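Note that my numbering has the sequence shown beginning at 7, numbered continuously upward. Don't be surprised by glycine CBs; every beta carbon is placed ideally from N, CA and C. Just so we're clear, the structure is a prediction, and the values are computed from it rather than from any experiment.
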Amino acid sequence: MREERATTRRQLLKGGGAALVGLAAGARPTAAQGLRSTPEGLARELMAYGRRSRFVGTSRITLDNKVNMQMHGDPNGFDALTPLGEQTGIITPAPLHFISSHGDPPPDIDPARHRLMIHGLVERPLVFTLDELKRLPSVSRIHYIECLANRPRPGAEHTLETSHGMVGCSEWTGVPLSLLLAEAGVQAGARWVVGESLGRTQQARSFPLGKALLGDTLVAYGQNSEPIQPHNGYPLRLVIPGFEGKFQLKWLRGIKVTDQPYVTYWEHGSFTRRERTPLGSYWEQGPKSVITYPAGGQRLPGRGHHTIVGFAWSGNGAVRRVEVSTDGGRTWADAELEGPALPMAMTRFRHPWTWAGGEAVLQSRCTDERGDVQPTAAEFGDFWGEYAAPHGNQIQPWKITDVGQVLNAL
Ligand SMILES: Nc1nc2c(c(=O)[nH]1)N[C@H]1C(S)=C(S)[C@@H](COP(=O)(O)O)O[C@H]1N2
Ligand SMILES: [Mo]
Numbered sequence: 007m008r009e010e011r012a013t014t015r016r017q018l019l020k021g022g023g024a025a026l027v028g029l030a031a032g033a034r035p036t037a038a039q040g041l042r043s044t045p046e047g048l049a050r051e052l053m054a055y056g057r058r059s060r061f062v063g064t065s066r067i068t069l070d071n072k073v074n075m076q077m078h079g080d081p082n083g084f085d086a087l088t089p090l091g092e093q094t095g096i097i098t099p100a101p102l103h104f105i106s107s108h109g110d111p112p113p114d115i116d117p118a119r120h121r122l123m124i125h126g127l128v129e130r131p132l133v134f135t136l137d138e139l140k141r142l143p144s145v146s147r148i149h150y151i152e153c154l155a156n157r158p159r160p161g162a163e164h165t166l167e168t169s170h171g172m173v174g175c176s177e178w179t180g181v182p183l184s185l186l187l188a189e190a191g192v193q194a195g196a197r198w199v200v201g202e203s204l205g206r207t208q209q210a211r212s213f214p215l216g217k218a219l220l221g222d223t224l225v226a227y228g229q230n231s232e233p234i235q236p237h238n239g240y241p242l243r244l245v246i247p248g249f250e251g252k253f254q255l256k257w258l259r260g261i262k263v264t265d266q267p268y269v270t271y272w273e274h275g276s277f278t279r280r281e282r283t284p285l286g287s288y289w290e291q292g293p294k295s296v297i298t299y300p301a302g303g304q305r306l307p308g309r310g311h312h313t314i315v316g317f318a319w320s321g322n323g324a325v326r327r328v329e330v331s332t333d334g335g336r337t338w339a340d341a342e343l344e345g346p347a348l349p350m351a352m353t354r355f356r357h358p359w360t361w362a363g364g365e366a367v368l369q370s371r372c373t374d375e376r377g378d379v380q381p382t383a384a385e386f387g388d389f390w391g392e393y394a395a396p397h398g399n400q401i402q403p404w405k406i407t408d409v410g411q412v413l414n415a416l
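The structure is reproduced here in structure tokens:
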């Protein structure tokens, strides 16, 4: 077997171009491809639709139903975490974007048969096919989506991903909801919008009409220049920049304009607090940041120079400033923002640091363009009380132990 491969490779080296050789050298036929797939065959195959090098194994961290039950009271969900520690730019690759789905596997929607209905308190109820939507003027915008369950937990031995992995950032392409509503004509007295989705549990959520009319809410069909992936809402989803993820319905099939919020099953059951109505919801997420290296679950390879890196984002707009403390919060220094700081998008920061050995506590603090500052866990607790908190944007301190292990310091 080994000799066979060596021969093929030698033959390839004789005949092939440099690019082809590069690909083939890293490619080994998998069981599924069987013996028919020669290195050349595989190289050709990957020219049609690429695949990662076999040396790259980054994947989402999938959560089992027990965790789902604890987090959402949902035994039938599908949840998976973004491998944030591996993300090197502001865009989360679609196959690695976190998943938070309740009660539903992704429905198998035939795009040719899918319809979006705009109805309720409108002058002209409208039904769109996907092709019709795609003929309308589209916009592409980079926005994060974050689940409200994403937060550090005091006393928990969580890793970067189990505390902060329910956020992802994509370039979303679609039609502004404001445009569709203008076509339909919103009636006087309309105040709310109810998004309606397909799927086994046919979930619906209410959000204020004002947000829909701002122009930044999208009925999206594209994610990072491809059709949205099934787990993230294929073929249509709502993208409501800066709002908690729960509102951003996947497998969207209806937009109903109403005069008051609905209290749908999921709004009553697991997504609102105290009041147990959509009015007890929280909307924009506050400024937030987290250091992704060195971060919980990692281990420093040795003393000396390291570059602290992380992400910041805010539901209020763009990130204006990120500060980093390497001494447990006694002193803070401005981190460098890397690349564009876009509104309601993940923004990358970095800060040089020398680990002299011994214990240290690292943390980051975000200030957004509205001037809001990310709270400490203590400030956060004072404000929200004992109650399982919304947004979860408190500062995450990471403790470096004297052997370089990184732990949750809360
Ligand atoms: N139809 C439907 N839409 C949904 C959900 C769902 O369970 N069903 N989950 C919501 C929640 S709680 C979150 S956090 C986001 C997550 O989006 P993602 O799975 O694409 O990351 O989708 C929202 N949209
Ligand atoms: Mo969520």
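According to DSSP, is residue i helix, strand or coil?
i: Met123; result: strand
i: Trp289; result: coil
i: Arg141; result: helix
i: Ala37; result: For Ala37, the predicted structure reports a pLDDT of 49, less than 50, and the residue's modelled location is therefore unreliable. The matter cannot be settled from this model.
i: Ala30; result: Reliability of the predicted coordinates at Ala30 is poor, the pLDDT of 39 falling under 50, and the value obtained from them is presented with this limitation in mind. Note: Ala30 maps to helix in three-state DSSP.
i: Ala100; result: helix
i: Thr407; result: coil
i: Asn238; result: helix
i: Pro117; result: coil
From which residue to which residue does the alpha helix (DSSP H) around residue i run?
i: Pro45; result: Pro45 to Ala54
i: Trp390; result: Ala383 to Trp390
i: His170; result: Leu166 to His170
i: Ser184; result: Leu183 to Ala190
i: Leu215; result: Leu215 to Leu219
How far does the beta strand (DSSP E) with residue i in it reach, from first residue to last?
i: Ser231; result: Counting along the chain, Ser231 falls outside any beta strand (DSSP E), and DSSP gives it neither H nor E.
i: Ala318; result: Gly310 to Trp319
i: Leu368; result: Ala366 to Asp374
i: Val199; result: Trp198 to Ser203
i: Ser295; result: Lys294 to Tyr299
i: Phe134; result: Leu132 to Thr135
i: Leu413; result: Val412 to Asn414
Looking only at DSSP bridge pairs, what is residue i linked to?
i: Arg243; result: Ala226 and Lys256
i: Ala86; result: Thr68 and Ile105
i: Leu343; result: Phe355
i: Met174; result: For the record, residue 174 in the displayed sequence is Gly; it is not Met. Ile151, per the DSSP bridge assignment.
i: Val328; result: Cys372
i: Thr264; result: Trp198
i: Arg206; result: Answer is none; Arg206 lacks a bridge partner.
For the putative contact between residue i and residue j, defined by C-beta atoms under 8 Å, what is the C-beta separation to the nearest angstrom?
i: Leu220; j: Val199; result: Their Cβ separation, rounded to whole angstroms, is 12 Å, which puts Leu220 and Val199 out of contact at 8 Å.
i: Leu306; j: Ala324; result: In fact, because the Cβ distance is near 31 Å, the residues do not count as touching under 8 Å.
i: Ser203; j: Glu177; result: Not quite, the Cβ-Cβ distance comes to about 22 Å (not below 8 Å), so this is no contact.
i: Pro293; j: Ser320; result: 4 Å
i: Val379; j: Gly334; result: Going by Cβ atoms, the distance from Val379 to Gly334 rounds to 18 Å, so no, they are not a contact pair.
i: Cys153; j: Ile97; result: Not really, about 18 Å apart at Cβ, beyond 8 Å.
i: Gly195; j: Arg211; result: With a Cβ gap of about 21 Å, Gly195 and Arg211 do not count as contacting.
Whose CA, out of the options, lies closest to the CA of residue i?
i: Glu365; options: Val412, Pro113, Lys252 and His357; result: Val412
i: Ser370; options: Pro131, Thr68 and Thr298; result: Thr298
i: Glu342; options: Arg326, Met350 and Lys294; result: Arg326
i: Ser231; options: Val62, Pro99 and Leu142; result: Pro99
i: Pro89; options: Gln304, Leu416, Trp404 and Leu368; result: Gln304
i: Arg243; options: Leu258, Glu250, Gly251 and Glu189; result: Leu258
i: Arg309; options: Val409, Asp114, Cys153 and Arg119; result: Val409
i: Val269; options: His237, Phe213 and Glu290; result: Phe213
i: Thr382; options: Leu416, Trp289, Gly248 and Ser106; result: Leu416
Could you check whether the Cβ of residue i sits closer than 8 Å to any Cβ belonging to chain D?
i: Glu385; result: In summary, chain D is missing from the structure at hand, where a single protein chain is found.
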